[in-house]
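The structure appears below as structure tokens.
If you want it as structure tokens, here you go:
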């Protein structure tokens, strides 16, 4: 079973990935593919470079390239979680794999901004205004090789609202993974969980 994670910056995707990894899932990140490319070019890893280099990779190698690179690393019988899915073609590439389910992790913008401030990553925006500008750039585009988070989120099989406590988030993830496991063979229906 392959569980993909999508959602806006600071929504809690990393926490969900960590929880699933601690539950026995192998962890892969599309952003790590981009980070590796940035480092190989001798560039600084910033949010802006992550976006630009990912878009360049999609334009050069195809819109699903990041997912395709990760899929090559995942064993055929592995239970894995794939983080940082931001383009519909990445979802389509992953859906061609066996037992793929996409989870959208959602939370309010102000909560997400406070979270990214608290994690103190150098690549994250420092002001709410810059946070919103980057978010708008990631949200939608008519260019198939750019980030299209709104369209990607709309493709999710399940949505988890993350506006509460970590305990609540973990409980929702347990529930949704159980529900996905129950639907593993049918791949039907959309699951919605909220706090």
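Numbering (our numbering), first residue to last: 2 to 196.
Ideal Cβ placement from N, Cα and C applies to all residues, glycine included.
Beta-carbon contacts of residue i that lie in its chain and below 8 Å, excluding the five residues immediately before and after
{"i": "residue 193", "result": "Bear in mind that the predicted position of residue 193 carries a pLDDT of just 46, short of 50, making it too unreliable to give a figure here."}
{"i": "residue 141", "result": "149, 150, 151, 152"}
Pair within 8 Å by beta-carbon distance, residue i and residue j
{"i": "residue 54", "j": "residue 5", "result": "no"}
{"i": "residue 10", "j": "residue 113", "result": "yes"}
{"i": "residue 117", "j": "residue 132", "result": "yes"}
{"i": "residue 125", "j": "residue 36", "result": "no"}
{"i": "residue 27", "j": "residue 64", "result": "no"}
{"i": "residue 136", "j": "residue 148", "result": "no"}
Close beta carbons around residue i, own chain, < 7 Å, minus the five adjacent residues each side
{"i": "residue 156", "result": "89, 92, 103"}
C-alpha gap between residue i and residue j, whole angstroms
{"i": "residue 60", "j": "residue 146", "result": "6 Å"}
{"i": "residue 29", "j": "residue 66", "result": "14 Å"}
{"i": "residue 108", "j": "residue 38", "result": "30 Å"}
{"i": "residue 85", "j": "residue 14", "result": "8 Å"}
{"i": "residue 57", "j": "residue 41", "result": "14 Å"}
Assumed close pair residue i, residue j - CB separation to whole angstroms, cut-off 8 Å
{"i": "residue 3", "j": "residue 95", "result": "7 Å"}
{"i": "residue 106", "j": "residue 12", "result": "4 Å"}
Start-to-end residues for the beta strand (DSSP E) that takes in residue i
{"i": "residue 27", "result": "27-30"}
{"i": "residue 146", "result": "Careful: residue 146 lies outside any beta strand (DSSP E) and carries neither H nor E."}
{"i": "residue 84", "result": "81-84"}
Host alpha helix (DSSP H) of residue i (start-end)
{"i": "residue 61", "result": "48-62"}
{"i": "residue 95", "result": "89-96"}
Beta-carbon proximity list for residue i, same chain, < 6 Å, skipping 5 on both sides
{"i": "residue 34", "result": "67, 70"}
{"i": "residue 152", "result": "89"}
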